[in-house]
Structures are given as C-alpha cells and as structure tokens.
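Written out below as structure tokens is the structure these notes cover.
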Amino acid sequence: MTGSNRIVVTFGTFDVFHIGHLNILKRARLHGDTLIVGVSSDRLNIEKKDRAPVYPETERMEIVRQIKAVSDVFLEDSLELKGEYLRQFNADALVMGDDWEGKFDHFKEICDVIYLPRTEGISTTQTITKIKKYD
Ligand code: CTP
C-alpha cells in the first residue's frame with residue numbers, strides 16, 4: 008500500500024541518556040514508519056520515583072528529539088493519560104520495555120502492544136550509583 012504511515016508510540020524518562028535508551032528507540036522505530044516518544048515530566052518522575060531527574064524535561068525532550076529514529080516527542084505528565092495519548096497520536100503500536108510486560112495489554116483495544124527486551128547491564132539508576140562511587 009502506498010502512503011502507509013504506521014505510527015509507533017513509546018514512553019520513558021530517558022534521564023542520563025544511555026545505550027539502553029538508544030537501543031529501544033531504534034528497535035521501536037523498526038515496528039513502524041513514525042516514532043513518537045512521550046518523555047515523562049519532571050513532576051511525574053518525582054511522583055513515580057520520589058526524586059527529580061538529573062536532567063530537566065526540556066533537555067531530556069531535546070536529546071530524544073534529536074535521535075535519528077525519533078520523529079517527534081511530547082511531554083507525558085500523567086500515567087493515567089496513556090490511552091488518551093495513544094488515541095491523540097493515532098498510534099498503531101505501543102512499544103514498551105519488557106520491564107512492563109503484560110502491564111499495558113488493556114491498550115490492545117486501541118493499538119498493537121509490543122514489549123521489547125531491555126538492554127542488559129545498564130540503567131539510569133545504576134549509572135547514577137556508579138558515578139557517585141567516583142567521589
Ligand atoms: N530501557 C531499555 N534497556 C535498558 C534501560 C531502559 O530498553 N537497559 C528502556 C525502558 O524499558 C523504557 C525506556 O528505555 O522503555 C526508558 O526507560 P527509563 O525508565 O527512562 O530508563 P532506565 O534506565 O530504566 O531508568 P531507571 O534506572 O531510572 O529506572
């Protein structure tokens with residue numbers, strides 16, 4: 008079919024950007040033509056993880072926006088609005104890391120729900136802990 012544009016949406020904090028983040032964005036993009044990324048807000052992170060991200064939302068959004076696989080970004084300010092965001096962006100697929108396996112299956116009525124394996128041995132939390140040890 009000509010002119011098909013399969014839209015993939017994914018979400019994350021993407022703080023202290025690392026290779027696991029790049030890998031999931033590249034692999035998410037392979038599931039469609041356009042990749043739209045919901046970057047979680049500073050406020051949402053404080054609510055979720057009880058700490059502010061190292062980099063503010065404006066900077067995290069700009070870093071993700073400039074990744075080649077990414078078409079556009081938006082600010083995710085509420086976990087409850089995931090379904091609304093998927094509808095708003097006409098998502099054909101929701102891609103999440105498999106740390107969320109099964110948790111978003113109820114969105115299958117809106118679009119495909121795909122869980123991808125995480126890159127082993129790296130996370131933002133681990134990186135922050137590692138850097139702290141250099142003191
Ligand atoms: N991700 C991944 N592989 C990793 C780390 C993250 O595939 N090693 C994916 C997550 O599954 C998610 C996206 O990257 O889909 C954003 O994850 P995020 O929570 O921002 O990164 P983490 O490194 O997991 O952060 P934290 O340590 O603060 O939980």
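Just so we're on the same page, the numbering used here is the position in the sequence shown counted from 1, plus 7. Just so you know, even glycine gets a beta-carbon here, dropped at the ideal spot from N, CA and C. Keep in mind that this is a model prediction, so the values were computed, not measured.
Worksheet item: Going by beta carbon distance, what residues of the same chain come within less than 8 Å of Leu-123, once the five residues before and after it are set aside?
Response: For the purposes of this step, residue 123 is taken as the residue at position 116 of the sequence shown. Answer for Leu-123: Ile-31, Arg-34, Ala-35, Val-102, Met-103, Gly-104 and Asp-105, listed in chain order.
**Prompt:** Does the distance from the CB of Ala-100 to the CB of Val-15 come in under 8 Å?
**Reply:** By one-based count along the sequence shown, residue 100 stands at place 93. By one-based count along the sequence shown, residue 15 stands at place 8. Yes. Within cutoff.
Contact set for Ser-78: own chain, Cβ-Cβ below 8 Å, skip 5 residues either direction:
As a working note, residue 78 is residue 71 in the sequence shown. For Ser-78, where only same-chain residues beyond five positions count, the Cβ hits under 8 Å are Thr-41, Leu-42 and Ile-43.
Requested in this report: Just the C-alpha distance for Ile-70 and His-113, rounded to the nearest angstrom, thanks.
Outcome: Taking the first residue of the sequence shown as 1, we reach residue 70 at position 63. Taking the first residue of the sequence shown as 1, we reach residue 113 at position 106. Answer to the nearest angstrom: the Cα atoms are 30 Å apart.
Under 8 Å by Cβ, that's how I've got Val-23 and Thr-126 pegged, so tell me the actual separation to the nearest angstrom. Numbered from its first residue, the sequence shown carries residue 23 at position 16. Numbered from its first residue, the sequence shown carries residue 126 at position 119. Contact doesn't hold; Cβ gap of about 14 Å is too wide.
**Report entry** alpha helix (DSSP H) segment containing Tyr-92, residue limits
**Finding:** Here residue 92 is taken as the residue at index 85 of the sequence shown, counted from 1. Note, Tyr-92: alpha helix (DSSP H), 89-95.
With a threshold of 7 Å on Cβ separation, who are the neighbours of Pro-63 within its own chain once the five nearest residues in sequence on each side are excluded?
For the purposes of this step, residue 63 is identified with residue 56 of the sequence shown, where counting begins at 1. Closer than 7 Å at the Cβ level, and outside the excluded window around Pro-63, lie Asp-49.
Straight-line Cα distance separating Leu-88 from Val-80: Translated into positions along the sequence shown, residue 80 becomes position 73. Translated into positions along the sequence shown, residue 88 becomes position 81. Each residue's alpha carbon lies about 15 Å from the other.
Please determine whether the Cβ atom of His-113 lies at a distance below 7 Å from any heavy atom of the ligand CTP. Start at 1 with the first residue of the sequence shown, and residue 113 comes out as number 106. No, the Cβ of His-113 stays beyond 7 Å of every heavy atom of the ligand CTP.
Nearest neighbour of Glu-7, chosen from Trp-107, Lys-139, Arg-94 and Lys-137 [CA to CA] | Coverage of the chain is limited to positions 8 through 142, which leaves residue 7 absent and any answer about it impossible.
| task | Quick one: measure Cβ to Cβ for Leu-51 and Glu-91, integer angstroms, because I've assumed they're closer than 8 Å. | result | Within the sequence shown, the letter at position 44 stands for residue 51. Within the sequence shown, the letter at position 84 stands for residue 91. That pair is no contact at about 15 Å.
Just how far apart, CA to CA, sit Asn-97 and Leu-37? Start at 1 with the first residue of the sequence shown, and residue 97 comes out as number 90. Start at 1 with the first residue of the sequence shown, and residue 37 comes out as number 30. Taking the straight line joining both Cα atoms gives about 17 Å.
Query raised in the report: Is Ile-160 helix, strand or coil by DSSP?
Result: Since the first residue of the chain shown is 8 and the last is 142, residue 160 is not available in this structure.
- Whose C-beta lies closer than 6 Å to the C-beta of His-28 among residues of the same chain, with five residues either side of it excluded? Taking the first residue of the sequence shown as position 1, residue 28 is located at position 21. Excluding residues within five positions, the ones whose Cβ falls inside 6 Å are Phe-21.
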